[in-house]
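Written out below as structure tokens is the structure these notes cover.
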Amino acid sequence: MDTLFRSIGLIGPGDLVIYHGSIQELHGLWLAIPCPCNTCRAFDRLGLPETRFALADPWGELPGPLHVRRQSITRSTACA
12 MDTLFRSIGL IGPGDLVIYH GSIQELHGLW LAIPCPCNTC RAFDRLGLPE
62 TRFALADPWG ELPGPLHVRR QSITRSTACA
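Shown next, in the form of structure tokens:
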């Protein structure tokens, strides 16, 4: 299954991503995890296609943004 995610460019939990969304001071390298908030989890349970992510600092130094849209991140080439 992991190979399938990689081959079609999907972002899986724990993937390194580059954030390029609207919060410019947070642009850069992050770990993508499914957004843990109740609203995002409810949307996921309903099967809505708008998957949202929480971003975690790979070094554990900064709090990351929540509710990040798929369009705001690109999987890092380090995950290839």
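For my numbering, count along the sequence shown from 1 and bump the result up by 11.
Where a beta carbon is used, it is the ideal one built from N, C-alpha and C, also for glycine.
What you are looking at is a predicted structure, and each value in this text was computed from that prediction instead of being measured.
By the Cβ-count criterion, Arg52 is exposed, with fewer than 16 other Cβ atoms from all chains shown falling within 10 Å of its own Cβ.
A residue is called buried when at least 16 other Cβ atoms come within 10 angstroms of its Cβ; Ile34 does not meet this threshold and is exposed. Pairing Pro45 with Pro24 gives a Cβ-Cβ distance under 8 Å. Between the alpha carbons of Leu21 and Ser87 lies a gap of roughly 11 Å. Under the rule that a run must span 3 or more residues, the beta strand (DSSP E) segments found entirely inside the segment 19 to 77 read 27 to 30, 39 to 45, 63 to 67.
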